[in-house]
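Top line first, the protein sequences correspond to chains Y and R.
Under the numbering used here, the residues of the first sequence are numbered 1 to 257, in order.
Under the numbering used here, the residues of the second sequence are numbered 1001 to 1535, in order.
In this text, a Cβ means the ideal position worked out from N, Cα and C, and glycines have one as well.
Nothing here was measured: the structure is a model prediction, and the numbers come from that model.
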Amino acid sequence: MPAGRLRRQFRLVPALLVPIARAVGWVPALAAFALSLGLLALAVRPGLEIAPTDLLRWLRLAMIVAALGYAFLLDDPSGPTTEAVAGSLLLRRTLRVVLLLPATAAWWVAVVWRIRAVHPGLPLPVAALTLEAAALLAVTLALAAAGSHLAPERRGGVVAAPALLTLATAAFLLPAQVTLYAQPGSAAWDGAHQRWAMLLGLALAAFAVASRDPAHRRLPSWLRGLAHWLTRGRAAPAEAGRSGSPDAAGQVERSVG
Amino acid sequence: MTTAIEHDDRSPAAGSPGGVPAGARSRRSMLALAAVESGRLLRHPAVLAATALSVWLLWRWGRGTAPVLHYADIATQVPLAPLAGAALLATNLAVLRPHRDGAVDLYGATRLSLARRTLAHLLSVLPLVALGGILVVADLAWLASMPGSVGTPHLAEAATGLALIALGGCLGVLLGRLVRSVALAPLVLVALAFGSLTLAELQIGGHDQRPWTWLGTLLRAPPFDPPPAALLGRPATWHLVYLLGIGVALAALALWRSLAQARARRRAQVAAAMVLVAALAATAAAAVVQTRPTSSALAERRLAVVRNPAAELVCQRRGPANYCVFAGFEPQIDLWEPTVRAVVAAVPPAAAARALPVTVAHRVGLHRLIDEDVNLGVQEGQGPSGPMVAPVGTAWGRDGPLFELAHARLAASVAARLVAPTRGDGEEPQWTPCNAQAVVALWLGGQASPQAAEGISQAVTDPFSEILVFSHDPVLDDPQWGVRAGRFALTLLDRPRDQVTQTLWRNWDLVTAPETTIERLGEVLGMQPPSGADC
């Protein structure tokens, strides 16, 4: 992405924040966080003896519950209409995620605090588990972004939520050689977290690819050539007239898309 | 902006030509919609993925096992849970499809009322239930055809997974009629899964101490070897009624809600409400019955079996051993015989003649049904059960860590009874788990079959303490083994069998004497024993 276009996109952030905050469906995400905390509080409570492996399983289930909230974060029925706004789709979606980050951080802090408070003597590998949570949320976002291409009205959550549950179930059943849900101290722990890190990177890349702005889709080269040939005569004076303005260049680029 | 149109429950297209009554035409349309929706449901990606997962889980459970069918029917329930979850998600998405596609008003032009459409969605779940039924029947038929298969499936246990699918479908429809958000169903699903797992865990920890855990949906079989069906005491039939009652109540609630939304005739609403009340009454009654404590008759019978296991067993002599099994479990003897014969064949004939016949008997950890921590002081074989036996569980199979441990338990126990025989009734055998005789017995057991060797290796490599037993539910008949003796036996198993046999046979009395140490055995065999503390 050219630096100039990137600067223009960043300049749009303050103007976009409030409309996007209004457009986001907060209820599913916040309900998922609340449900995740509630279920974890039921499963991990004072006076109930629980093995460290079981504790970790509940924690991971709580992550999946919270990730379900992210599945609906990108749902945007107004997507086809807002394609024409200046902020790119990737920027608008990223802002949705950024707006939810404080609540996500609060949820994660509450989860860790609850486990630490109930089982103070238990060594909890917080950094590795944070990586697992981040990767799971990123995978959910990638599924939601990809799902928006499949579901009507850009409601990717319809695809992402069942897909997340299916993938999470499959992840629990993976063979030991490629497991994602390893136990702390086991030989598979480091390998599993390398896979989580890789998954995080892949999911973010998939999110970015699936969020390419439809307004900037490039036409096939032969079609671009044909369009250029057809419009050469009429477009030439107009191009010459606008060539001094960088903003105009952006508009022309958009009109070709 | 769209405008919601309220429809009467009667068909908007009533009175059209053809001479067919409007009610009949509406019913036909409803069935046609149900057929279309069921086709879409069966082709839904979540259902396809769940079906594949269910098939894989059923196959994984049954692969290589010698099944006990009154446990195998319980084991079909967890594999069908993904299908139930998929039914919840897919029916919810199907019910909300007109809202997503902006087609709600278009339905006003059809002859189908909202209640009929709801009923069609509810009926569309039935083919998915039938698919689950096919999977269960195929699985149980496959397991019944396996060698060593014993027991009879319980119809209610086998149908519980199917009831869960129906329950999931009905809940998906109801949620769609209550809230027009696709986000609700996944959240409800994970909450239900979380709750079910919690209750299932609580039951595993307490069994009969927490009968209220039956208010959950999915309760796995107790985590020990299957006892006879009569001793299990699971309220399977009432639990099925409980689940079906909830399913019918959810369906009736969805219908009643649709009728109320469409301002349908009062009579139809009253009928739906009556079905709802009847279903709730059946559910409540089943809930009360299934959470009653275990009957005193069953509790006494279990305690009697725990105190004197021999009383419930039927014995038959085959070759070098007496096999005592629960009635109906006789086909399992065929599976144990090769292992027992292989152990006996590796013992000098004169020594074998002094110890034979060895008694191989079922011990299943039934005491855990009575008291998880064995605080009552009850344990199988503690009572007047006669001479020590070679214990064997009812879970048996070809491969897998659990079955390898079962092979090791049988082979090593038979070897222990041959190496340290009981001289008379009630006499304790002279057994030292950390001396040479333990090494010899473990080698005898390990050479009997690759599975037994793998089981010994598994237990010795990852021990909980310096003394180990080859069972998660050890009983008094289970011989104890020192880890160092186990390591020495594994080293011996790597050496040529004939060479080890010859040396042991020449020095049999010495190497099987209780006081002979591992160091002395090492001198006899010309090997350096593994380092480590004696226990």
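Y:Phe-72 has a beta carbon lying within less than 8 angstroms of a beta carbon in chain R. Interface residue (Cβ-Cβ distance to chain Y less than 8 angstroms): R:Pro-1293 is not classified as such. For a Cβ distance threshold of 8 angstroms, residue set Leu-165 of chain Y lies close to R:Gly-1085, ordered along the chain. Residue environment analysis places Y:Gly-185 among the exposed positions, since fewer than 16 neighbouring C-beta atoms fall within 10 angstroms of its C-beta. For R:Gly-1482, the pairing in a beta bridge is given by DSSP as R:Ile-1467.
Here DSSP, grouped into helix, strand and coil, assigns R:Asn-1322 to strand. When C-alpha distances from R:Leu-1218 are compared across R:Ala-1350, R:Ile-1074, R:Glu-1454, the shortest belongs to R:Ile-1074.
Taken through DSSP and simplified to helix, strand or coil, R:Arg-1317 comes out as strand. Against chain R, the beta carbon of Y:Leu-39 has neighbours under 7 angstroms at Ala-1191, Phe-1194, listed in chain order. A contact between stretches requires three or more CB pairs, one per stretch, nearer than 8 angstroms, and the segment 1024–1032 of chain R fails this requirement with the segment 1093–1108 of chain R.
Our two residues, Y:Thr-94 and Y:Pro-77, have alpha carbons roughly 17 angstroms apart in a direct line. In this structure, DSSP gives R:Thr-1339 a helical state, which the three-state scheme calls helix. According to the DSSP assignment, Y:Pro-28 belongs to no beta strand (DSSP E) but to the alpha helix (DSSP H) extending over 26–43. Membership of R:Pro-1228 in any beta strand (DSSP E) is not indicated, and neither H nor E is assigned to it by DSSP. From the listed residues Y:Ala-142, Y:Leu-100, Y:Val-126, the smallest Cα separation to Y:Ala-21 is found for Y:Leu-100. In this structure Y:Pro-102 is exposed. Its beta-carbon is surrounded by fewer than 16 other beta-carbon atoms within 10 angstroms. Annotation for R:Gly-1522: Gln-1528, Pro-1529 place their beta carbon closer than 7 angstroms to its own, counting only its chain and skipping 5 residues before and after.
Neighbours of Y:Val-158 in chain R, taken as residues whose beta carbon is under 9 angstroms from its own, are Leu-1093, Leu-1096, Arg-1100, Val-1182 in chain order. Counted as a single uninterrupted DSSP element, the stretch harbouring R:Pro-1421 is not any alpha helix (DSSP H), since DSSP gives it neither H nor E. Non-local C-beta neighbours of Y:Phe-33 in its own chain, meaning closer than 7 angstroms and more than five positions away in sequence, comprise Ala-66, Gly-69, Ala-103, Trp-107, ordered along the chain.
The residue among Y:Arg-11, Y:Gln-9, Y:Leu-35 with its C-alpha nearest the C-alpha of R:Ala-1193 is Y:Leu-35. Setting aside the 5 residues that flank it on each side, R:Arg-1487 is surrounded in the same chain by Val-1460, Pro-1530, Gly-1532, each with a C-beta closer than 8 angstroms to its C-beta; the list follows chain order. Contact with chain R is absent for Y:Ala-192, since none of that chain's Cβ atoms lies less than 8 angstroms from the residue's Cβ. Nearest Cα to R:Leu-1093 within the set R:Ala-1438, R:Val-1047, R:Gln-1316: R:Val-1047. The beta-carbon separation of Y:Leu-17 and Y:Leu-122, rounded to 40 angstroms, does not stay under the 8 angstroms limit for a contact. With respect to chain R, the C-beta atom of Y:Ala-32 has a partner C-beta closer than 8 angstroms. If you look at R:Ala-1086, you'll find it in the alpha helix (DSSP H) that goes 1077–1100. The DSSP-derived three-state label of R:Val-1275 is helix. Listed along chain R, no residue sits closer than 7 angstroms to Y:Ile-115 by beta-carbon distance, the nearest being about 16 angstroms off. In the three-state reduction of the DSSP assignment, R:Trp-1505 falls in the helix class. Counting only runs that start and end inside the segment 61–140 of chain Y, the alpha helix (DSSP H) elements of at least 4 residues fall at 79–82, 89–118. Residue environment analysis places R:Gln-1316 among the exposed positions, since fewer than 16 neighbouring C-beta atoms fall within 10 angstroms of its C-beta. Close to chain R, meaning a Cβ-Cβ distance shorter than 7 angstroms, is no residue of the segment 134–148 of chain Y at all. Fully enclosed alpha helix (DSSP H) runs of no fewer than 4 residues occupy 1114–1123 of the segment 1106–1136 of chain R, in order along the chain.
Cβ-Cβ separation between R:Val-1439 and R:Ala-1489: approximately 5 angstroms, consistent with a contact (criterion under 8 angstroms). The bridge partners DSSP lists for R:His-1407 come to none.
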